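Presented below is the structure to which this report refers.
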Amino acid sequence: MSKPIMNRYTTLKDAINALEQGEKRIKLTSASLSPDQLLELNIALRKAPDILEIDLSGIQVGEHIFSVFQNLHLAKIQKINISNVGINQPKICPLSKEETSAHHSSLKQFLKNAPNLTHLNLSNNFFRIRVLDEIIMSLVISGSKVNVIDLSKTINFTEAPNKTRKQQKKHSTEAGLLLIALTQLTNIQKINLSDNHLNLPIQKIIDCLNTNNLSQASNYQLILNLSNAYKALKPQTKQWKAAISNGTFTPSTWIDWINDCFSIKNYNEQLAHIMREKKIIIHGVNIQVEL
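Just add 5 to the spot in the sequence shown (first one is 1) and you have the working numbering.
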């Protein structure tokens with residue numbers, strides 16, 4: 006089955022004309038759009054309830070992009086891409102906290118009324134983890150069918166010296182809650198969290214996933230991309246030494262350990278069992294692991 010073609014438009018006028026003629030897939034590329042132009046697009050979308058796909062990636066307007074979704078109800082929408090639009094970058098979009106919150110509310114309310122959404126791309130924008138969590142929970146509330154979500158490069162927090170232990174602990178807790186929210190999406194199959202500062206060890210990430218009732222269908226598979234997204238643990242050298250001392254460490258043990266586990270940097274039997282039971286694939290740093 007051939008993939009539907011999404012027409013690309015370079016001006017707002019062309020995109021609106023296409024919507025008026027019944028176009029169901031819109032990719033609008035432009036260096037910038039004013040807040041008034043975004044509201045104009047919002048009005049045009051209200052008159053196109055059957056639209057299936059919206060791609061506004063690369064339009065550097067910051068939080069103003071969310072005004073496109075203000076009071077908008079698109080029950081049939083399947084795919085939304087608003088990657089790389091300058092979220093949380095004051096130089097692009099200087100807004101007060103109240104204005105920013107209002108814009109976020111527009112997106113969250115829209116998602117609550119988008120039950121047929123299957124793909125959401127918010128990558129290359131910086132969000133507070135709490136806001137991301139609220140966005141995901143909006144999808145959960147809607148009973149969304151979303152199965153692919155891209156949150157790569159959306160969380161900007163490092164372990165710099167100016168970050169206190171309290172701040173780091175709060176960040177790690179919020180990251181864990183975000184993972185739990187993601188796994189409440191009952192149809193989720195692919196999550197991209199690469200290039201984020203989760204500040205979590207891989208064991209904690211798997212623990213978060215395991216606290217939820219992920220689908221047990223035989224064809225279910227969760228692909229979780231965590232490249233450069235977690236805090237690596239130290240290798241389990243004590244296990245190696247113990248195996249050597251009690252005579253259970255053999256060349257075949259070494260090969261199995263390396264092939265199955267080392268590429269996710271941390272390993273124990275419980276973690277491996279969880280991953281097998283949940284049919285989870287983890288993309289580690291430059292390596293794909295299937296257990």
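Even glycine gets a Cβ: it sits at the ideal position worked out from N, Cα and C.
Since this is a predicted model, take the numbers as computed values, not measurements.
Nearest to Val151 by alpha-carbon distance, out of Ile160, Thr191 and Arg133, is Thr191. A straight line joining the alpha-carbon of Ile70 with that of Thr178 spans about 29 Å.
Under DSSP, no beta-bridge partner is assigned to Asn121.
Using a 10 angstroms sphere on the CB of Glu68, the tally of other CB atoms reaches 16 or more, which defines it as buried. Between the segment 81-89 and the segment 99-110, the count of Cβ pairs shorter than 8 Å is below three; the stretches do not touch. C-alpha of Lys174 to C-alpha of Ile92: approximately 24 Å in a straight line.
One alpha carbon belongs to Gln26, the other to Thr34, and they sit about 19 Å apart. Its Cα nearest to that of Lys171, the residue Asn204 stands out among Ala49, Glu45, Leu156 and Asn204. In this structure, the straight-line span from the alpha carbon of Leu144 to that of Asn121 is close to 10 Å.
In the DSSP secondary-structure assignment, Ile196 is bridged to Ile154 and Leu229. Judged by their CB atoms, Ile196 and Asn230 are nearer to each other than the 8 Å cut-off. An exposed status is given to Ser101, since fewer than 16 other beta-carbon atoms sit within 10 Å of its beta-carbon. Selection Gln189, Ser149 and Asp155 evaluated against Asn89 yields Asp155 as nearest (Cα-Cα). For the alpha helix (DSSP H) assignment, the uninterrupted runs of no fewer than 4 residues enclosed by the segment 19-105 are, from N- to C-terminal side, 40-51. The Cβ-Cβ distance between Leu79 and Leu46 does not fall below 8 Å. At the C-beta level, Ala53 and Leu24 come within 8 Å of one another. Bounds of any alpha helix (DSSP H) do not take in Arg13; it lies within the beta strand (DSSP E) bounded by Asn12 to Tyr14.
Note on Ser62: 16 or more other CB atoms within 10 angstroms of its CB, so buried under the neighbour-count rule.
Taking C-beta atoms as the reference points, Leu44 and Ser72 count as a pair closer than 8 Å. With fewer than 16 other CB atoms across the displayed protein chains lying within 10 angstroms of its CB, Phe131 is exposed. Straight through space, the alpha carbons of Ile21 and Ile210 are spaced by roughly 43 Å. For the set Ser149, Ile134, Gln94 and Asp19, the Cα lying nearest the Cα of Ile31 is the one of Asp19.
Between Ile64 and Asn126, the C-beta gap is not smaller than 8 Å, which leaves the two residues out of contact.
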